[in-house]
Amino acid sequence: MKVRMVMLASLLFVAASGWHEVQARKAMYAPEVGGEWKRVEVGATHVETKGLDSTVSAATLRVEKVKHEQVVLPEYWGAGSSRPSTVVAGLTIYFGSDSVRVPWSGFGRLSEAHELRVDGTGLGSAWVLMRGSGSGGAYTATWYVKDGRLIHWRVEDDKLGPERFEDASWPPVLGK
1 MKVRMVMLAS LLFVAASGWH EVQARKAMYA PEVGGEWKRV EVGATHVETK
51 GLDSTVSAAT LRVEKVKHEQ VVLPEYWGAG SSRPSTVVAG LTIYFGSDSV
101 RVPWSGFGRL SEAHELRVDG TGLGSAWVLM RGSGSGGAYT ATWYVKDGRL
151 IHWRVEDDKL GPERFEDASW PPVLGK
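Oh and the sequence shown: position 70 is 70 in the working numbering, straight run, nothing missing.
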């Protein structure tokens with residue numbers, strides 16, 4: 001455990017941004033508390049896991065079929081330039097007795113969702129991961145919640161990784 005703590009401290013010291021801190025903490029805790037991947041269905045998909053202190057972390061993802069007459073965005077993650085068959089319509093993350101509704105900007109361009117998972121440490125934070133794929137390729141979206149607040153969101157192309165991504169932090173940093 002001492003080696004892991006030293007490794008975590010080193011990673012946090014080197015990290016230049018909050019996202020790297022999140023990834024360093026996740027690398028330390030996620031293997032011990034990772035939830036199971038659950039297949040996403042049209043409608044609501046709910047998944048949960050217990051953290052180290054028995055706190056339940058959960059997420060409910062809403063996915064809708066795209067109606068023929070529905071106007072869609074020019075490009076969705078997972079659909080590329082083609083019209084998606086399903087889009088993410090909402091995400092609520094639960095941590096203990098708190099719940100966080102993710103704003104549209106944190107899911108509005110995601111389509112073709114296939115799997116959902118929650119990793120909860122029970123130490124005041126949780127991660128929600130979603131995998132999606134379609135004609136535009138595969139991607140993984142990650143949301144990080146700490147102390148009942150959405151802190152960070154990131155979606156990354158599974159093949160290109162950090163070369164093709166989109167992310168945001170809440171609250172938004174003013175002046176940048």
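Beta carbons: idealized from backbone N, C-alpha and C, even for Gly.
Since we're looking at a predicted model, the values are computed, not measured.
Selection from the options that minimises the alpha carbon distance to residue i
i, options, result
"residue 78", "49, 119, 110", "110"
"residue 138", "42, 85, 113", "113"
"residue 61", "55, 67, 70, 44", "44"
"residue 41", "49, 135, 64, 134", "64"
"residue 54", "151, 121, 140", "121"
"residue 51", "96, 106, 100", "96"
"residue 159", "133, 90, 118", "133"
"residue 89", "99, 49, 104, 145", "104"
"residue 36", "70, 68, 118", "118"
Proximal residues to residue i (C-beta, below 6 Å), its chain only, five neighbours per side dropped
i, result
"residue 38", "47, 116"
"residue 94", "58"
"residue 76", "84, 109, 111"
"residue 91", "61, 102, 107"
"residue 145", "93, 95, 100, 126"
"residue 151", "144"
"residue 56", "48, 50"
Own chain partners of residue i with C-beta closer than 8 Å, once the 5 adjacent residues on each side are dropped
i, result
"residue 165", "154, 155, 156, 157"
"residue 86", "42, 63, 64, 65, 66, 111, 112, 113"
Cβ distance (whole Å) where residue i is taken to contact residue j below 8 Å
i, j, result
"residue 147", "residue 161", "Wrong, their Cβ atoms sit about 29 Å apart, outside the cutoff."
"residue 127", "residue 102", "Wrong, their Cβ atoms sit about 13 Å apart, outside the cutoff."
"residue 131", "residue 140", "5 Å"
Cβ neighbours of residue i in the same chain (closer than 7 Å, five flanking residues each side left out)
i, result
"residue 135", "79, 80, 82"
"residue 98", "148"
- request: Quick one: which unbroken beta strand (DSSP E) runs of 3-plus residues sit fully inside the segment 46 to 80? Chain order, please.
  value: 56 to 65
- request: Tell me the start and end of each unbroken beta strand (DSSP E) in the segment 102 to 139 that is at least 3 residues and wholly inside, in chain order.
  value: 113 to 120, 125 to 134
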